[in-house]
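A.B. asks: Here it is, the structure, as structure tokens.
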Amino acid sequence: MDNGAPSHMTWHRDYFDKFKEVSDGSFVGLGDNHKLSVKGKSDVMIQKLLNCHRALEVSHKIEDYATNDVAELAITPLELLQYCEVSCEATLECGHTCHGNCRACLQGRIHARCKEKCGKTLICGHSCRTGCANDCPPCRRKCKFRCAHSRCPNKCGQPCVPCKEPCLWRCEHLKCNLYCSDKCDRPPCNKPCKKDLQCGHPCIGFCGEPCPPLCRVCDREEVTAVFLGQEDEPGAR
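The sequence shown lines up with residues -1 to 235 when you count with the working numbering.
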């Protein structure tokens, strides 16, 4: 056995020492909390160290306590690893910890299905509640979309019910003539907004659009640098 071989994975001991089958014939103890499930075998002690990282051909001394016969049997580590019950505990691609074991995960070459909740953020903004190993299904929570008239009554993963009320996007110069759920046919209005801000100064925005949060007088430097591109004319927008 090559003692210089790289270790198994970080969650696994490099070597298993002194396997002994218990009286019911179902398990072989591997020291501390390690054990192999071996059914249908007579009482034996495997006295050869087993390297779980490298599949090396080794000879294991098998002692039959019933007859005290000792035989040298060629047993590969792979033949023993198919019974290994040591927890895998690898970090899966999803970020969760693998709940499989050395046997089921083929020593880390594959992994058992993740049993954790998904938790991914869906396109609607809600968190996926299904199992991590499954594809994310359509969201079944209440839709969050609403307009000025109503809120969508459907589930989040279903198409929204189109609003058939008249569109409210209008100003004193122009208005949209379509339904609220349609794409507006009103072009942007380029007239100056006539509203006053809370500070009492005129709005620097355009008619029919939301008023910008900054004031040309109170926030002059920021407005000139950010909104107007250093253009400092009184009527610039």
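Glycine is no exception: its CB is placed at the ideal position from the N, C-alpha and C atoms.
Using the three-state DSSP reduction, which class does residue 129 fall into: helix, strand or coil?
C.D. replies: As a position in the sequence shown, residue 129 is number 131, starting the count at 1. Three-state result, residue 129: strand.
A.B. asks: Within the chosen definition, does the segment 144 to 157 reach the segment 176 to 188 through at least 3 CB pairs nearer than 8 Å?
C.D. replies: yes
A.B. asks: Using a threshold of 9 Å, state whether the C-beta atoms of residue 221 and residue 213 are closer than that.
C.D. replies: For the purposes of this step, residue 221 is taken as the residue at position 223 of the sequence shown. For the purposes of this step, residue 213 is taken as the residue at position 215 of the sequence shown. Cβ atoms of residue 221 and residue 213: closer than 9 Å.
A.B. asks: For residue 101, name the three-state secondary structure that DSSP assigns.
C.D. replies: Position 103 of the sequence shown, counting from 1, holds the residue named residue 101. In this structure, residue 101 counts as coil in the three-state DSSP scheme.
A.B. asks: Whole angstroms are fine: how far does the CA of residue 116 sit from the CA of residue 129?
C.D. replies: In the sequence shown, the residue the question calls residue 129 occupies position 131. In the sequence shown, the residue the question calls residue 116 occupies position 118. Straight-line Cα distance between these residues: approximately 5 Å.
A.B. asks: Using DSSP's beta-bridge definition, name the partner residues of residue 115.
C.D. replies: Mapped onto the sequence shown, residue 115 falls at position 117. Answer by DSSP bridge pairing, in chain order: 129.
A.B. asks: Which partner residues does residue 200 have in the DSSP bridge list?
C.D. replies: Within the sequence shown, the letter at position 202 stands for residue 200. According to DSSP, which records beta bridges pairwise, residue 200 is partnered with 194.
A.B. asks: Give me the Cα-Cα distance between residue 163 and residue 131, rounded to the nearest whole angstrom.
C.D. replies: As a position in the sequence shown, residue 163 is number 165, starting the count at 1. As a position in the sequence shown, residue 131 is number 133, starting the count at 1. Between residue 163 and residue 131, the C-alpha separation is close to 43 Å.
A.B. asks: What separation, rounded to the nearest whole angstrom, lies between the Cα atoms of residue 110 and residue 95?
C.D. replies: For the purposes of this step, residue 110 is taken as the residue at position 112 of the sequence shown. For the purposes of this step, residue 95 is taken as the residue at position 97 of the sequence shown. Straight-line Cα distance between these residues: approximately 10 Å.
A.B. asks: What do you get for residue 84, buried or exposed, if any count of 16 or more other CB atoms within 10 angstroms of its CB means buried?
C.D. replies: For the purposes of this step, residue 84 is identified with residue 86 of the sequence shown, where counting begins at 1. Flag for residue 84 reads buried.
A.B. asks: Taking 9 Å as the CB-CB cut-off, is residue 192 touching chain B?
C.D. replies: Included in the structure is just one protein chain, with no chain B present.
A.B. asks: Measuring straight from C-alpha to C-alpha, what distance separates residue 207 and residue 185?
C.D. replies: Working through the sequence shown from its first residue, we reach residue 207 at position 209. Working through the sequence shown from its first residue, we reach residue 185 at position 187. The straight-line gap from Cα to Cα measures roughly 12 Å.
A.B. asks: Report yes if the C-beta distance between residue 137 and residue 154 is below 9 Å; otherwise report no.
C.D. replies: As a first step, residue 137 must be located in the sequence shown, where it is residue number 139. As a first step, residue 154 must be located in the sequence shown, where it is residue number 156. Result yes, Cβ atoms of residue 137 and residue 154 sit closer than 9 Å.
A.B. asks: Under 9 Å, do residue 112 and residue 126 count as touching if we go by C-beta distance?
C.D. replies: The residue labelled residue 112 in the question sits at position 114 within the sequence shown. The residue labelled residue 126 in the question sits at position 128 within the sequence shown. Contact: no.
A.B. asks: Who are the Cβ neighbours of residue 200 in its own chain at under 7 Å, not counting the five residues just before and after it?
C.D. replies: What you label residue 200 is simply residue 202 of the sequence shown in a count that begins at 1. 194, listed in sequence order.
A.B. asks: Note down, in chain order, each residue of its chain lying with its Cβ closer than 7 Å to the Cβ of residue 173, except the 5 sequence neighbours on either side.
C.D. replies: For the purposes of this step, residue 173 is taken as residue 175 along the sequence shown, with counting starting at 1. These residues qualify, in order along the chain: 184.
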